[in-house]
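S.K.: Please see the structure below; I have some questions.
Residue numbers (the numbering used here): 7 to 349.
Quick look at the structure:
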């Protein structure tokens, strides 16, 4: 029994470990399911070579992660795998919002809508452990065949982990930080190797341009700071990381969460630099917090500015003001943290 999890290669200057399939792999392994990760983006693997790598693993099924930015590559790969007789499951943000289009274009057996750790384990157990027909998903929430989607029934997203600490760390042995570029986000790097970590899932804001709120739902879930520190220690011990990039949508949303992480980094004498390249809100930091972040090793973060027009900020429901954004940038600059703006 074996599942291959794949990220296709595509044009991108951002080459970070795919945490999504890392979590899927470790969740499957926890249930004694054999998993192989093939990261085509990391390896720079073209379509034909990637297809051959997958085939050489002789998998029972192939799971493909899918963002809109590499949708065409996913479709090409899925159709090629189906032509060879493989079972294909596609998950990620794109199929969550456009499941019927995705399954129709790709000829995949299933799409998974929402977070996949629980749903994929259930699907794998039904198909491989209990040997049920692959034509039936046994009503697993979030798992849909084309027939399911064409029925017109409401889409229910997959069950999500309520307590993030219950999830095993991503399968770092297959996503060794040493095998990724020294500047995984294309710029702004201080030390190498780099561990990429998410400490939260979800977002309570209403920004019209962002999918996070609808993908993860409104309620934000937190890993405990202690659990985050344990993962950092694990990455230091096993892979020698010297830097951490927090990929949260809102690392500083809950002040005591980030304060505790900073204090635990200091208390544990973790000699790391760290950054927030995925962006933070300007209205969720102040001088005292930025100073603590700096003291614990933070040297860079991006602000989600989006626009310098108050009218546009209002229209996109950013719920921030230009004056607050300017003030936070000035404080960060004064404290000595490099800043970038997203627009």
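The beta carbon of each residue, even a glycine, is placed where N, CA and C say it ideally should be.
Can you tell me whether residue 164 is buried or exposed? The criterion is at least 16 other CB atoms within 10 Å of its CB, across all chains shown.
M.R.: What you label residue 164 is simply residue 158 of the chain shown in a count that begins at 1. It is buried - the Cβ of residue 164 has at least 16 other Cβ atoms within 10 Å.
S.K.: Can you have a look at residue 348 and say buried or exposed, based on whether 16 or more other CB atoms are within 10 angstroms of its CB?
M.R.: The count along the chain shown starts at 1 and reaches residue 348 at position 342. So residue 348 ends up on the exposed side.
S.K.: What does a CB cutoff of less than 6 angstroms around residue 201 pick up in its chain, not counting 5 residues either side in sequence?
M.R.: If you number the chain shown from 1, residue 201 lands on position 195. If we look at residue 201 and ignore the five residues flanking it on each side, its Cβ neighbours are 183, 241, 247 and 250.
S.K.: Distance, Cα to Cα, residue 61 vs residue 154?
M.R.: Translated into positions along the chain shown, residue 61 becomes position 55. Translated into positions along the chain shown, residue 154 becomes position 148. Taking the straight line joining both Cα atoms gives about 28 angstroms.
S.K.: Pull the bridge partners of residue 97 from the DSSP assignment, please.
M.R.: In the chain shown, counting from the first residue as 1, residue 97 sits at position 91. Paired residues: 71 and 118.
S.K.: Contact check, residue 254 vs residue 284 under 8 angstroms by CB: the rounded distance?
M.R.: For the purposes of this step, residue 254 is taken as the residue at position 248 of the chain shown. For the purposes of this step, residue 284 is taken as the residue at position 278 of the chain shown. Residue 254 to residue 284, Cβ: 7 angstroms. Contact.
S.K.: Helix, strand or coil for residue 150, going by three-state DSSP, please let me know.
M.R.: Reading the chain shown from its first residue, position 144 is the one you call residue 150. Residue 150: strand per DSSP, three-state reduction.
S.K.: Assuming residue 285 is part of the beta strand (DSSP E), what are its boundary residues?
M.R.: Against the chain shown, residue 285 aligns to sequence position 279. 279-286 is the span of the beta strand (DSSP E), which, as asked, contains residue 285.
S.K.: Going straight from the alpha carbon of residue 293 to that of residue 220, what length do you get?
M.R.: Locating residue 293 in the chain shown gives position 287, where the first residue counts as 1. Locating residue 220 in the chain shown gives position 214, where the first residue counts as 1. Cα to Cα, the separation comes out at about 32 angstroms.
S.K.: Which of the three DSSP states, helix, strand or coil, is assigned to residue 260?
M.R.: Residue numbering aside, residue 260 sits at position 254 when the chain shown is read from its first letter. Here residue 260 sits in coil by DSSP.
S.K.: Can you give me the C-alpha to C-alpha distance between residue 107 and residue 44, rounded to a whole angstrom?
M.R.: In the chain shown, the residue the question calls residue 107 occupies position 101. In the chain shown, the residue the question calls residue 44 occupies position 38. Using only the alpha carbons, I get a separation of about 25 angstroms.
S.K.: Name the two residues that bound the continuous beta strand (DSSP E) containing residue 201.
M.R.: Within the chain shown, residue 201 is the residue found at index 195, counting from 1. Looking at the DSSP string, the run of the beta strand (DSSP E) that includes residue 201 is 200-203.
S.K.: Alpha carbon to alpha carbon, how far is residue 75 from residue 191? Give it in angstroms, no decimals.
M.R.: Counting from one through the chain shown, the residue named residue 191 turns up at place 185. Counting from one through the chain shown, the residue named residue 75 turns up at place 69. So the alpha carbons of these two residues sit roughly 16 angstroms apart.
S.K.: Assign residue 230 to one of three DSSP states: helix, strand, or coil.
M.R.: Residue numbering aside, residue 230 sits at position 224 when the chain shown is read from its first letter. Coil at residue 230, not helix or strand.
S.K.: Tell me whether residue 250 sits in a helix, a strand or coil according to DSSP, three-state version.
M.R.: For the purposes of this step, residue 250 is taken as residue 244 along the chain shown, with counting starting at 1. The answer is strand: DSSP assigns residue 250 an E or B state.
S.K.: Going by DSSP, what residues sit across from residue 11 in a beta bridge?
M.R.: Along the chain shown, read from residue 1 onward, the residue named residue 11 stands at position 5. 43 and 69, per the DSSP bridge assignment.
S.K.: Quick one, are the C-beta atoms of residue 194 and residue 344 less than 9 angstroms apart?
M.R.: For the purposes of this step, residue 194 is identified with residue 188 of the chain shown, where counting begins at 1. For the purposes of this step, residue 344 is identified with residue 338 of the chain shown, where counting begins at 1. Going by C-beta atoms, residue 194 is nearer than 9 angstroms to residue 344.
S.K.: State yes or no: is the C-beta of residue 291 within less than 9 angstroms of the C-beta of residue 258?
M.R.: Reading the chain shown from its first residue, position 285 is the one you call residue 291. Reading the chain shown from its first residue, position 252 is the one you call residue 258. Yes; because the gap between Cβ atoms is below 9 angstroms, this pair is in contact.
S.K.: Looking only at its chain, what residues have a beta carbon closer than 6 angstroms to the beta carbon of residue 3, apart from the 5 residues adjacent to it on each side?
M.R.: What the structure shows of the chain is the stretch from 7 to 349, and residue 3 is not part of that stretch, so it cannot be assessed.
S.K.: My guess is that residue 286 and residue 309 are in contact by the Cβ rule of under 8 angstroms, so how many angstroms apart are they, rounded?
M.R.: Position 280 of the chain shown holds residue 286. Position 303 of the chain shown holds residue 309. Their Cβ separation, rounded to whole angstroms, is 7 angstroms, which keeps residue 286 and residue 309 in contact under 8 angstroms.
S.K.: Three-state secondary structure (DSSP) at residue 185?
M.R.: To locate residue 185, count along the chain shown from 1; it is residue 179. Three-state result, residue 185: helix.
S.K.: My assumption, with CB atoms under 8 angstroms, is that residue 70 sits in contact with residue 96. Please give the rounded CB distance.
M.R.: As a working note, residue 70 is residue 64 in the chain shown. As a working note, residue 96 is residue 90 in the chain shown. That pair is a contact at about 5 angstroms.
S.K.: So for residue 346, helix, strand or coil by DSSP?
M.R.: Here the question's residue 346 lines up with position 340 in the chain shown. Looking at residue 346 - three-state DSSP - the assignment turns out to be strand.
S.K.: If I follow the unbroken beta strand (DSSP E) through residue 305, where does it start and stop?
M.R.: Residue numbering aside, residue 305 sits at position 299 when the chain shown is read from its first letter. Counting along the chain, the beta strand (DSSP E) containing residue 305 begins and ends at 304-310.
S.K.: Would you grab the beta carbon distance between residue 272 and residue 243 for me? Rounded to a whole angstrom, and I think it's under 8 angstroms.
M.R.: Sequence index remark: in the chain shown, residue 272 carries index 266 (1-based). Sequence index remark: in the chain shown, residue 243 carries index 237 (1-based). No, residue 272 and residue 243 are not in contact; Cβ-Cβ is about 19 angstroms, not under 8 angstroms.
S.K.: If the criterion is Cβ atoms closer than 9 angstroms, does the pair residue 295 and residue 330 meet it?
M.R.: Position 289 of the chain shown holds residue 295. Position 324 of the chain shown holds residue 330. Not closer than 9 angstroms, so no.
S.K.: With DSSP collapsed to three states, give me the class of residue 51.
M.R.: Within the chain shown, the letter at position 45 stands for residue 51. Reduced to three states, the DSSP call for residue 51 is coil.
S.K.: Starting from residue 212, follow the alpha helix (DSSP H) in both directions and report where the run begins and ends.
M.R.: By 1-based counting over the chain shown, the position of residue 212 is 206. Premise fails: residue 212 is in no alpha helix (DSSP H) and is neither H nor E.
S.K.: Rounded to the nearest angstrom, what separates residue 31 and residue 38 at their Cα positions?
M.R.: As a working mapping, residue 31 is identified with position 25 in the chain shown. As a working mapping, residue 38 is identified with position 32 in the chain shown. Straight-line Cα distance between these residues: approximately 11 angstroms.
S.K.: Name the two residues that bound the continuous alpha helix (DSSP H) containing residue 83.
M.R.: On the chain shown, residue 83 is found 77 positions in, with the first residue counted as 1. Residues 77-89.
S.K.: Buried or exposed for residue 42, going by 16 or more other Cβ atoms inside 10 Å?
M.R.: On the chain shown, residue 42 is found 36 positions in, with the first residue counted as 1. Buried.
S.K.: Drop a sphere of 10 angstroms on the beta-carbon of residue 157, count the other beta-carbons inside from all chains shown, and report buried for 16 or more, exposed for fewer.
M.R.: Here residue 157 is taken as the residue at index 151 of the chain shown, counted from 1. So residue 157 ends up on the exposed side.
S.K.: Taking the alpha-carbon positions, what's the residue 203 to residue 217 distance?
M.R.: Position 197 of the chain shown, counted from the first residue, corresponds to residue 203. Position 211 of the chain shown, counted from the first residue, corresponds to residue 217. Computed Cα separation, rounded: 20 angstroms.
S.K.: How about residue 176 and residue 73: are their beta carbons less than 9 angstroms apart?
M.R.: In the chain shown, counting from the first residue as 1, residue 176 sits at position 170. In the chain shown, counting from the first residue as 1, residue 73 sits at position 67. No, the Cβ-Cβ distance between residue 176 and residue 73 is not below 9 angstroms.
S.K.: Taking only three categories from DSSP, how would you classify residue 206?
M.R.: Position 200 of the chain shown holds residue 206. Here residue 206 sits in strand by DSSP.
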